[in-house]
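>
There are 2 protein chains.
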Amino acid sequence: MVRTGSASVAAGPTLAVVAREAGVSVPTASKVVNGREDVAPETRRRVTEALDRLGYVRRPRFDAAKTPGLVDLVVHSLDTSWSGAVLHGVEAAAHDAGLEIVVSAGLTRTRGARPERGWLDKLIARGSSGVLFNLAELTASQYAWLEQHRIPFVMIDPVLEPPPGVVSVGAANWHGGVTATEHLLALGHERIAVVAGHQRKMCSNARVAGYRSALASAGIRHRPEYVRHAGFDESVAHRRTLDLLDLPEPPTAVFVCSDRMALGVYQALAERELSVPDDMSVVGFDDLPEARWISPALTTVRQPLSEMAATALRLLVRMMNGDRPESTRTELSTRLVERGSTAIPRQGSGSSG
Amino acid sequence: MVRTGSASVAAGPTLAVVAREAGVSVPTASKVVNGREDVAPETRRRVTEALDRLGYVRRPRFDAAKTPGLVDLVVHSLDTSWSGAVLHGVEAAAHDAGLEIVVSAGLTRTRGARPERGWLDKLIARGSSGVLFNLAELTASQYAWLEQHRIPFVMIDPVLEPPPGVVSVGAANWHGGVTATEHLLALGHERIAVVAGHQRKMCSNARVAGYRSALASAGIRHRPEYVRHAGFDESVAHRRTLDLLDLPEPPTAVFVCSDRMALGVYQALAERELSVPDDMSVVGFDDLPEARWISPALTTVRQPLSEMAATALRLLVRMMNGDRPESTRTELSTRLVERGSTAIPRQGSGSSG
Chain C
-7 MVRTGSASVA
3 AGPTLAVVAR
13 EAGVSVPTAS
23 KVVNGREDVA
33 PETRRRVTEA
43 LDRLGYVRRP
53 RFDAAKTPGL
63 VDLVVHSLDT
73 SWSGAVLHGV
83 EAAAHDAGLE
93 IVVSAGLTRT
103 RGARPERGWL
113 DKLIARGSSG
123 VLFNLAELTA
133 SQYAWLEQHR
143 IPFVMIDPVL
153 EPPPGVVSVG
163 AANWHGGVTA
173 TEHLLALGHE
183 RIAVVAGHQR
193 KMCSNARVAG
203 YRSALASAGI
213 RHRPEYVRHA
223 GFDESVAHRR
233 TLDLLDLPEP
243 PTAVFVCSDR
253 MALGVYQALA
263 ERELSVPDDM
273 SVVGFDDLPE
283 ARWISPALTT
293 VRQPLSEMAA
303 TALRLLVRMM
313 NGDRPESTRT
323 ELSTRLVERG
333 STAIPRQGSG
343 SSG
Chain R
-7 MVRTGSASVA
3 AGPTLAVVAR
13 EAGVSVPTAS
23 KVVNGREDVA
33 PETRRRVTEA
43 LDRLGYVRRP
53 RFDAAKTPGL
63 VDLVVHSLDT
73 SWSGAVLHGV
83 EAAAHDAGLE
93 IVVSAGLTRT
103 RGARPERGWL
113 DKLIARGSSG
123 VLFNLAELTA
133 SQYAWLEQHR
143 IPFVMIDPVL
153 EPPPGVVSVG
163 AANWHGGVTA
173 TEHLLALGHE
183 RIAVVAGHQR
193 KMCSNARVAG
203 YRSALASAGI
213 RHRPEYVRHA
223 GFDESVAHRR
233 TLDLLDLPEP
243 PTAVFVCSDR
253 MALGVYQALA
263 ERELSVPDDM
273 SVVGFDDLPE
283 ARWISPALTT
293 VRQPLSEMAA
303 TALRLLVRMM
313 NGDRPESTRT
323 ELSTRLVERG
333 STAIPRQGSG
343 SSG
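Protein chains in written order, with the numbering used here: chain C, -7 to 345; chain R, -7 to 345.
1) Identify the continuous alpha helix (DSSP H) that holds C/Glu226 and give its terminal residues.
2) Please list, in chain order, all residues of the same chain as R/Arg252 whose beta carbon is under 6 angstroms from its beta carbon, the five residues on each side excluded.
3) Suppose you measure from the CA of R/Ser267 to the CA of R/Leu261; what does that come to, to the nearest Å?
4) With a threshold of 16 other CB atoms inside 10 Å of the CB of C/Gln191, please say whether the residue is buried or exposed.
5) Under a Cβ-count criterion, where at least 16 other Cβ atoms within 10 Å of its own Cβ denotes burial, should C/His68 be classed as buried or exposed?
6) So is C/Trp285 in contact with chain R if we call contact Cβ pairs under 8 angstroms?
7) Could you check what DSSP says for R/Gly81 in three-state terms: helix, strand or coil?
8) Who are the Cβ neighbours of R/Gly162 in its own chain at under 6 angstroms, not counting the five residues just before and after it?
9) Should R/Pro156 be labelled buried (16 or more other beta-carbon atoms within 10 Å of its own) or exposed?
10) From R/Arg338, R/Leu305, R/Gly15, R/Glu330, pick the residue whose C-alpha is nearest to that of R/His175; which is it?
11) Out of C/Ala198, C/Ala210, C/His230, C/Leu239, state which residue places its alpha-carbon closest to the alpha-carbon of C/Pro216.
12) Between R/Ser325 and chain C, is there a C-beta pair that is closer than 8 angstroms?
13) Using a Cβ-Cβ cut-off of 6 angstroms (strictly less than) and excluding sequence neighbours within five positions of C/Ser73, which residues of its own chain qualify?
14) Which partner residues does R/Val95 have in the DSSP bridge list?
15) Could you tell me which residues DSSP pairs with R/Leu324 in its beta bridges?
16) Looking at chain C, which residues of the stretch 69 to 87 of chain R have a Cβ within less than 8 angstroms of any of its Cβ atoms?
17) Return helix, strand or coil for C/Val329, following the three-state DSSP convention.
18) Taking C/Gly76 as the reference, which of C/Val309, C/Arg316, C/Ser298, C/Ala302 has the closest Cα?
19) According to the neighbour-count rule (16 or more other Cβ atoms, all chains shown, within 10 Å of its Cβ), is R/Leu46 buried or exposed?
20) Since C/Leu124 contacts C/Val25 with CB under 8 angstroms, what's their CB separation in whole angstroms?
21) Quick check on this structure: which residue in R/Ile336, R/Arg12, R/Glu13, R/Val10 has the alpha carbon closest to the alpha carbon of R/Leu179?
22) Terminal residues of the continuous beta strand (DSSP E) containing R/Gly276?
23) Between C/Arg294 and C/Gly169, what straight-line distance do the alpha-carbon atoms span, to the nearest angstrom?
24) How should C/Leu91 be labelled, buried or exposed, when 16 other C-beta atoms within 10 angstroms of its C-beta is the threshold for buried?
25) Please classify C/Thr244: does DSSP put it in a helix, a strand, or coil?
26) When you compare the CB positions of R/Val283 and R/Val82, do they come within less than 8 angstroms of one another, or not?
27) What's the C-alpha gap between R/Thr40 and C/Ile143?
28) Determine the direct distance from the alpha carbon of C/Leu43 to that of C/Met312, and round the result to whole angstroms.
29) Identify, in the order they occur along the chain, each residue of the same chain with its Cβ nearer than 7 angstroms to the Cβ of C/Val16, setting aside the five sequence neighbours on each side.
30) Indicate whether at least one CB of chain R lies closer than 8 angstroms to the CB of C/Ile143.
31) Is the CB of C/Val148 under 8 angstroms away from at least one CB in chain R?
32) If you count every other CB in all the chains shown that lies within 10 Å of the CB of R/Gly119, and 16 or more means buried, which is it?
33) Report the residue from R/Asp278, R/Tyr258, R/Ser287, R/Pro243 whose alpha carbon sits nearest the alpha carbon of R/Thr378.
34) Please decide whether R/Leu91 counts as near chain C, where near means a Cβ-Cβ distance under 8 angstroms.
35) Check whether the Cβ of R/Leu280 lies closer than 8 angstroms to any Cβ atom in chain C.
So, in C-alpha cells, the structure goes:
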C-alpha cells in the first residue's frame, strides 16, 4: 500500500517537470527514461539533456530507510546447477546494492516459459522495485503491462528476441559455437555434427550459426543430416546421438549445445560401446559443474552465468534509478575449457569429409 | 511500515484476550502460541483450550488482499545442488501457501554459519512473516532476538542441536548411517572406514554413530583409525582417503558422509590406480545429482532435501497462524540407493577384520 502509493505519487511529478523542461509529453519523457527506442533522436537528446540538467533520479518505490528494496527474480526451475549459478550471481550483486531478491519459479508452472496468471498482479501489489527474468518468454501484453506499470525489468538469456528497447544480458553464443567447432577442426575432424537445443530458441540458433560459420570458413561442406535438434533435453539428445551413429557416414565429433545434453550423448555412446574421445570427440556448452564430474571430463564452452546474472542486476539497479543503459543487449564473452572429451580423429576417419 | 505497524497492533489484543480467558499472563500465552516448552503442562492445557475456544489465529503481518506474504529463506550458498533442492522444495510449498520467498545467502558472508550483522534488522523492517534457516548456526542472542520480535522461524538441518522449543526439520541421519554400513556388511566387508563431516556437526555425528552401531551389532571391533573427519570438504576428503590407504591394514570399503566428499574419495582412489568398486566400495550420503554423473554411479543414502524444505515451510506457515507443531524436531526418512560403487570385497581381503 505505502509502496505502490508512494511510487505513483513520487514518480509522476518529477517526470512531468522533466517533460515540461524538454518540451515533450510525459509519456515521451517516460519512454526515454525507460530506455525505449521508439523516440526520435532529437527528442531523446532534449529529454536526456533535461534529465541531466534537473539531475532527475527516479525515486525508489520503497522507503529505503525502513525497508530494503525487493527485486524479483523469476526463473524456470530452481533445482538445476544453471539456476544455481544465476541465483548466486544475482544474490551477490543484490547484496552489494543493498537489495533483497524475491525468487519465484513461476515459469515452471505454466506452458512454455511464460509467467503464470496473476503473478504480475502480485508484483504491483508488492510494489516490486524491478524484475529479472531468466530464460523467460513474455507475451506482448505482459511486456506492455510491465511498461505501463513502469516496473523496470531485465531479461537474462531471453528465449526469443525481445522487442526493441527491452534490456537483456546473454552470452556470446555465436562466438561460442565458432570456438567449439574450430577446436574440433584444429584437431583434424571434418565430420562434425551438432546436437542443438530448440529450433526457435535464440541462444541455440546462435550456437548452430557459429558452428556453420566455422565449417564454412574451413571450406567444409554443410551436411544437413549432421544437425539434430534435441530441445536441451538429456534423453532426446540421447536418441538424436543414436540417429547420428546410424548414418551411413557417422560423424567423428559432435558439438553439443548444452552440458546437460552432453550427458545424454555420453550415455548413447556408452551403449554403442564407443569411447570418448577415441571413437568420438564431444564438446559441450555452459561449463556447469556436471562437466567436471562426468568422465572423461567434458571439454566445453564456458558461459559466465553468474557474471551474466550479476550484470543484469546492476543494469536493473541503474534502470530503477531512472538511468538508461547505453545498449539494450549485453553479451558476455564465452571461452573454450579443454578437458578430456576431445582428441584427434582415429586414423583416416576424418579424411572422407 | 504498514506491515510492522499492523503486526504489533494486531497480535497484541487478541493474545491478551486469550491470556485473560486462560487466566495466565500474556507472555505465558505467547510462549504457548510460539511453541516454547518452558511452560507447565497444566498451564499449556488451559492456554491451548482457550486458543481453541476463541478460535485464535495470529493475524498475518501483511495485508494478504494487497500483498502476498514474504517468507525469508537464509542459506549458506546458492550455487550447490544441495541448495537447489532446498530452494525447489521451499518455493513450491510457498507457492501452494500463497507466499513468496526472499532468498539471501547471508550465511556465506560471515564466519561460520551465522547470519551477518544487520540482517536481522532488515527482517523486522520489512515485516517478514517468518524465516527458514538452512544449515544455519544462530547465536543465543539471535535466537532471543527472533523470539522477542515474535518472528516465527524453522531450522532446516541445523548445524548444532538448537535450544529447546526451536522447531527444526532434518533427515534420519543416524538411521542412514546404519543403512549404509549394513549394506557394506551384507556384501561381506569387515574393514569399513568412514569419511565424516565436522566433528561438531549434528548431522555428521549422527551418521557416524549409525556406522558404529551397525558395526557393533555385527560384532565387528571399532577401529578409531578408520574414522576420519573431512569437514564436508571435497579436497580434505581426498587427503583423508590417502591417509586411509596408507594404513598398514587399509579398509576395503568406505562410507562417505556426503556425495561431494565422495568426489574427493574417487579422485584419491584414481590417483592410486584403485578401481571402484573392485578395489574399494564407496557409499555416499545425500543423493545429489552428482551421484548419478560420476562413474561408476555412486551408491548413496538418499535424504529427501526438497521434502525436508517443503515440510519446514508448511510448519512455518502453521506457526505464522499461531499454531504449534506437536514436535519440535521432524525427521524425514533416508533410504539406500544402490548404484555401481559397491561390490563384494576381493577374495580374502575382507577376512582379516
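We treat Cβ as the ideally placed atom computed from N, Cα and C, and that holds for glycine.
On the basis of the supplied data:
1) 226 to 237
2) Glu226
3) 7 angstroms
4) exposed
5) Buried is the call here.
6) yes
7) Helix.
8) Asp149, Glu323
9) exposed
10) R/Glu330
11) C/Leu239
12) no
13) Leu280, Pro281
14) C/Ile93, R/Leu65
15) R/Ala163
16) Ser69, Leu70, Asp71, Thr72, Ser73, Ser75, Gly76, Ala77, Leu79, His80, Glu83, Ala84, His87
17) strand
18) C/Ser298
19) exposed
20) The Cβ separation is near 19 angstroms, so there is no contact.
21) Of the listed residues, the one whose Cα sits closest to R/Leu179 is R/Ile336.
22) R/Gly276: member of the beta strand (DSSP E) spanning 273 to 278, first to last residue.
23) Between the alpha carbons of C/Arg294 and C/Gly169 lies a distance of about 11 angstroms.
24) buried
25) coil
26) According to the sequence shown, residue 283 of chain R is Ala rather than Val. Result no, Cβ atoms of R/Ala283 and R/Val82 do not sit closer than 8 angstroms.
27) 46 angstroms
28) Using only the alpha carbons, I get a separation of about 15 angstroms.
29) Thr35, Arg38, Val39
30) no
31) It should be pointed out that residue 148 of chain C corresponds to Ile in this sequence rather than to Val. With 8 angstroms as the cut-off, C/Ile148 does not count as an interface residue toward chain R.
32) buried
33) Since the first residue shown for chain R is -7 and the last is 345, residue 378 of chain R is missing from the structure and cannot be characterised.
34) Not closer than 8 angstroms to any Cβ of chain C, the Cβ of R/Leu91 fails to qualify, so no.
35) no
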